[in-house]
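Below you'll find the structure, written out as C-alpha cells, and then a few comments.
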Amino acid sequence: GENVEQHPSTLSVQEGDSAVIKCTYSDSASNYFPWYKQELGKRPQLIIDIRSNVGEKKDQRIAVTLNKTAKHFSLHITETQPEDSAVYFCAASTRGTYKYIFGTGTRLKVLA
Amino acid sequence: GAVVSQHPSRVICKSGTSVKIECRSLDFQATTMFWYRQFPKQSLMLMATSNEGSKATYEQGVEKDKFLINHASLTLSTLTVTSAHPEDSSFYICSASDRDGNEKLFFGSGTQLSVL
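Here the protein sequences come in this chain order: A and B. For the first sequence, my numbering assigns the number 3 to the initial residue and increments by one for each residue that follows. For the second sequence, my numbering assigns the number 999 to the initial residue and increments by one for each residue that follows.
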C-alpha cells in the first residue's frame, strides 16, 4: 500500500522567512496530493492541493511543487507569520478513491 | 463548501464501556466516509472506509469487532468503540467526500475520547 514520509518533523523559522516541508510517496498510482494545516484539537484544514498533471501550484504565500519521477512533493510558505504556526500534513491518494494516506506531520513554529 | 458534522466533540468514559461517535454529512450525500485515529503528536491513521449499505473495509491491524462501523444512510456513519480501554484514548475524526470530482475530503471536527 501507499506510504508517505514527511520531513522535517519540526521546523522553526523567524517571522518573514520561508518554510519548506517535503514529502515522498511510494505508490506511483497516487495522483492527488493535498496539504492540510491542523491546530491542536481541531479538524485538518485544506490549504492547497495539487494533481499529478501539474508540476506547481501557488496561492498567495503558499505554493506546492510535485516531482512525479522522484515521487516527492513539497510545500513552500513564504513571508511566514506567527499565525502560520501549526502542524502541517501532506497526503496522497489515488484519483477517485478519496482514500488519503497522511504523512507524519511537521510542527511549524514561526518566531516573532 | 460541504459540511461534515461530528458528535460528540469530547467524551470521557470508564474502561469497559462502549462509546458511539456520529458523523453526518449536512448538505450532501456521502456513499463513503472515512474514519481516522490520531494519537497525540502523531499523524492521522486511516482506520476504515465506511460504505453506505454494506460492510466497512478495515485497514490492516484495526480490529473490526472492537471498532464497529455502521453506515445505514447516505448522510450518517457511526463508529462504536466497544469495551473501551485506556489505550483506545485518542482523537477520532471522520471525513467524507461529496464526490463532485474534485478529490477533496471534508473533515468532521473530531472526537477526543478519554478512557479512564
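Every residue gets a Cβ at the ideal spot worked out from N, C-alpha and C, and that includes glycine.
Residues that residue 1102 (chain B) contacts on chain A, provided the C-beta gap is smaller than 7 Å: 48
The region 1039–1058 of chain B: positions lying closer than 9 Å to chain A by Cβ: 1039, 1040, 1041, 1042, 1043, 1044, 1047, 1057, 1058
Whole runs of the beta strand (DSSP E) within the region 1062–1091 of chain B, excluding any shorter than 3 residues: 1065–1071, 1074–1079
The region 1081–1099 of chain B contacting the region 1016–1031 of chain B, beta-carbon criterion three pairs below 8 Å: yes
Members of the region 1017–1034 of chain B near chain A, C-beta cut-off 9 Å: 1030, 1032, 1034
Neighbour-count burial assignment, residue 1037 (chain B), 16 or more Cβ in a 10 Å radius: exposed
Nearest neighbour of residue 44 (chain A), chosen from B:1114, B:1112, B:1108, B:1113 [CA to CA]: B:1108
is_contact[residue 1014 (chain B), chain A] using C-beta, thresh 8 Å: no
Buried versus exposed, by CB contacts within 10 Å (16 or more), residue 79 (chain A): buried
Short CB-CB distance (under 8 Å) between residue 1095 (chain B) and chain A: yes
CB contact below 8 Å: residue 101 (chain A) versus chain B: yes
One or two residues paired with residue 23 (chain A) in a DSSP bridge: A:77
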